[in-house]
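Down below is the structure, laid out as structure tokens.
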Amino acid sequence: MNVGLINGLPGHPLFVHGAVVLVPLTALALVVCALWSSAARRLNWLLPGMGLVPLVLVVLATEAGEWLEERVQESALVEEHAELGPGLTPWAITLFVLTVAVWLLGRVGPRREGEHSGEADRPAEGGTAGVARLASSVPARVAVSVIALVVAVGAVIQVYRIGDSGAKATWQDSFSTSRSGDGR
1 MNVGLINGLP GHPLFVHGAV VLVPLTALAL VVCALWSSAA RRLNWLLPGM GLVPLVLVVL
61 ATEAGEWLEE RVQESALVEE HAELGPGLTP WAITLFVLTV AVWLLGRVGP RREGEHSGEA
121 DRPAEGGTAG VARLASSVPA RVAVSVIALV VAVGAVIQVY RIGDSGAKAT WQDSFSTSRS
181 GDGR
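Mind the numbering: the sequence shown is residues 1 to 184 in UniProt numbering, read in order.
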């Protein structure tokens with residue numbers, strides 16, 4: 001699949017702009033949902049979807065960026081950007097995995113609440129009751145929240161670093177600070 005061109009134009013900027021918006025938005029949603037499980041329940045399947053879309057955009061941006069790198073003038077700035085770009089993929093994968101984990105924890109929460117209302121008298125289905133109890137425990141939720149916060153901050157920092165290097169590679173010395181045109 002050639003993602004290098006879209007409608008005759010380089011696809012890299014299109015995918016990048018989507019990733020630049022959605023990675024931080026997903027990171028924010030992840031942290032909010034990790035800290036407040038009711039938010040994860042409200043977002044339901046949208047939370048893992050929010051993790052999947054930026055992951056796809058990051059992969060597409062990387063592929064299209066590699067295609068574009070072969071077709072632009074070489075420079076130290078382009079090389080720096082090209083080296084940083086693929087570094088966002090592990091962060092995007094981890095964001096996706098954590099959105100799924102937080103979503104699952106949000107689904108376990110209501111079952112735990114049901115145990116306190118007398119529904120715990122039902123026989124456990126296999127070992128799922130023990131796993132649900134462990135997953136919804138305070139230490140597990142704190143660990144997931146801390147990991148989510150660290151990954152969210154790391155992903156946003158990486159987006160900034162890559163974006164900054166891409167902007168410099170694109171715009172450095174390619175415009176004037178004074179107006180051009182009709183001499184105003």
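Ideal Cβ positions, reconstructed from N, Cα and C, are used throughout, including at glycine.
All values reported here derive from a predicted model rather than from experimental measurement.
Just so you know, the alpha carbons of D173 and L55 end up roughly 32 Å apart. Contact check between the region 60–69 and the region 77–94: three or more CB pairs, one atom from each, fall below 8 Å, which counts as touching. Across the set T26, G49, L68 and C33, the C-alpha of L68 shows the shortest separation from the C-alpha of G8.
V108 counts as buried, since at least 16 other C-beta atoms from the protein chains shown sit within 10 angstroms of its C-beta. By a beta-carbon distance limit of 8 Å, A140 does not contact L30. Their separation comes to about 16 Å.
With fewer than 16 other Cβ atoms inside 10 Å of its own Cβ, S38 counts as exposed. Excluding residues up to 5 positions away in sequence, L77, E80, H81 and L84 lie with their Cβ nearer than 8 Å to the Cβ of S165 in the same chain. For the options A34, V100, S75 and R179, the alpha carbon positioned closest to that of K168 is the one of S75. The C-alpha of V144 is placed about 15 Å away from the C-alpha of P48.
Counting along the chain, Q73 sits inside no alpha helix (DSSP H), nor does DSSP assign it H or E at all.
R161 and L149 have their alpha carbons spaced roughly 18 Å apart.
For S165, the enclosing alpha helix (DSSP H) stretches over residues V138 to W171.
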